[in-house]
Amino acid sequence: MPASHTFPAYTYECPLEFYWEVYNKRFPNHPLFPFIIDSEIVEQITEENGNEKRIRKTKLEVDAPGWFKTLFDIKHSVFIEESYHDKANRKITIKTTNETLSSKAKMIDITVYEVHPENPNWCQFTQTGTVELLVSVLGFQKKIEKYVLDLYKSRYDESRELDKKMIELYREEILKEQEVKKQQQEQTTTTTTTETAISTTTSINIENNANSSSSAVVSTQTATTLTTTINIENKDSNNTAAASSNTLVSSTEETESSRQEEIKV
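Heads up, the sequence shown is in the numbering used here, so the first residue is 7 and it goes up one at a time.
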């Protein structure tokens, strides 16, 4: 019988989809997970209903004492992770199996992420690990299985704490991105407002210049018309004065002629 252990349900206080994004950010490597040496997606399928299936190969440092590494002659281990994201039912199932030493031992880790039954914005996590040696190791098969399982169990709490740190880091990252976008939008709005103000001022100046030019032209035309009118009036006055003078001279001459004729008579 393989050694197996199921952990009690654990709650992440974030939506399922948010956690899934956080989970995938640890690959291919991340400072919080230095034991992940490398990781690659070898297959990814999106079904017609939108559900996603993904197969990932991950290379890890062996988290075991020296005697264990020497016994199995390993320096690192490779695991195959098969994940299925049921988007309609908001459920993610991950099955992880060992590729390294697969002919000598079978290690299976199954984790399930579901919506928390009491809060749709939380994610509930359950995990089951199984270890089975496929070959006899000098009669220590059961002891080795138990040791590996105990090692697996001892890392559970540490893994949850790392997940929580990742969640907080991702939240901070999102907040920073939102702040940058907000500043960019404010800068764009300020630039647009400034350009509009400059455009409006330019239009007003153009209109003022046009009005000033028109007023100047009208004033010039008015002054010219007024000057012409004055000149015409002056000419008319001069002509009138000349006519009056001629009339007076003619009248004087006629009076003088009449007097001379009377004297002769």
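We put the beta carbon where it would ideally sit given N, CA and C, even for glycine.
For a quick check, are the C-beta atoms of residue i and residue j less than 8 angstroms apart?
i	j	result
threonine 99	phenylalanine 85	no
valine 154	valine 137	yes
arginine 161	aspartate 69	yes
lysine 152	glutamate 120	no
alanine 94	asparagine 55	yes
Near residue i, which residues of its chain fall below 6 angstroms by C-beta distance, leaving aside the five closest residues on each side in sequence?
i	result
glutamate 19	Trp128
serine 89	Arg60, Ile100
isoleucine 204	none
phenylalanine 74	none
methionine 113	Asn104, Val137
threonine 52	Glu58
Assuming residue i contacts residue j (C-beta within less than 8 angstroms), just tell me the rounded distance between them.
i	j	result
serine 45	glycine 135	Actually they do not touch by this definition, with Cβ atoms about 20 angstroms apart.
threonine 64	isoleucine 42	6 angstroms
phenylalanine 39	leucine 168	7 angstroms
arginine 62	glutamate 27	Not confirmed; about 15 angstroms, so no contact.
Can you tell me which of the three DSSP states residue i falls into?
i	result
valine 48	strand
glycine 145	coil
leucine 139	strand
phenylalanine 33	coil
isoleucine 150	helix
phenylalanine 13	coil
proline 7	Note that residue 7 is methionine in the sequence shown, not proline. Looking at methionine 7 - three-state DSSP - the assignment turns out to be coil, as it is neither helix nor strand.
serine 89	strand
phenylalanine 24	helix
arginine 62	strand
Which residues in the same chain as residue i place their Cβ atom closer than 8 angstroms to its Cβ, once the five residues preceding and following it in sequence are excluded?
i	result
glutamate 262	Model confidence at glutamate 262 stands at a pLDDT of 48, short of 50, so the residue's coordinates are unreliable; what they give is reported in the following sentence. Excluding sequence neighbours, glutamate 262 sits near nothing in its chain.
lysine 31	Met172, Tyr176
alanine 15	Gln130, Phe131, Thr132
phenylalanine 33	Ile42, Ser45, Arg62, Thr64
asparagine 35	Ile42, Ile43, Asp44, Ser45
proline 8	Lys112, Thr136, Val137, Glu138, Glu151
Grab me the residues of residue i's own chain with a C-beta within less than 7 angstroms of its C-beta, minus the 5 sequence neighbours each way, in chain order.
i	result
leucine 107	Phe78, Ile80
valine 186	none
As an exercise, report each continuous alpha helix (DSSP H) stretch of at least 4 residues that is fully enclosed by the stretch 67-128, in chain order. Listed in chain order, the complete alpha helix (DSSP H) runs (minimum 4 residues) inside the stretch 67-128 are 72-78.
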